[in-house]
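Undergrad: Take this structure first; my questions come after.
Right, dumping it as structure tokens:
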């Protein structure tokens, strides 16, 4: 069951980026900002946590081993 949840999370993860495309017009209207500003802010807010998690998980993977990290 745990492995299936891991596969499902890996499969569904990239679809989250599609949510930004739908939200940009709404955010632009609500904050009365340009499309460029909203797009840059939304993409930065969406991608930044992924970058931070990759740095942390990469370090943990190197110290504990990749197989052990994935199973944890």
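Residue numbers (this note's numbering): 2 to 73.
Think of the CB as a built atom: it goes at the ideal place given N, C-alpha and C, for glycine as much as any other residue.
#1: Please work out which residues of its chain come closer than 7 Å, Cβ to Cβ, to residue 61, disregarding the five sequence neighbours upstream and downstream, and give them in chain order.
#2: Could you compute how far the alpha carbon of residue 30 sits from the alpha carbon of residue 23?
#3: Please report the distance separating the alpha-carbon of residue 17 from that of residue 32.
#4: If you check the beta carbons only, do residue 43 and residue 13 fall under 7 Å apart?
#5: Measure the beta-carbon distance from residue 25 to residue 37 and round it to whole angstroms, keeping in mind my assumption that it falls under 8 Å.
TA: The short version:
#1: Same-chain partners within the cutoff: 70.
#2: If you take the alpha carbons of residue 30 and residue 23, they lie about 13 Å apart.
#3: C-alpha separation (whole angstroms): 22 Å.
#4: Taking 7 Å as the Cβ cut-off, residue 43 and residue 13 do not qualify as a contacting pair.
#5: Incorrect: roughly 10 Å between the Cβ atoms, too far for contact.
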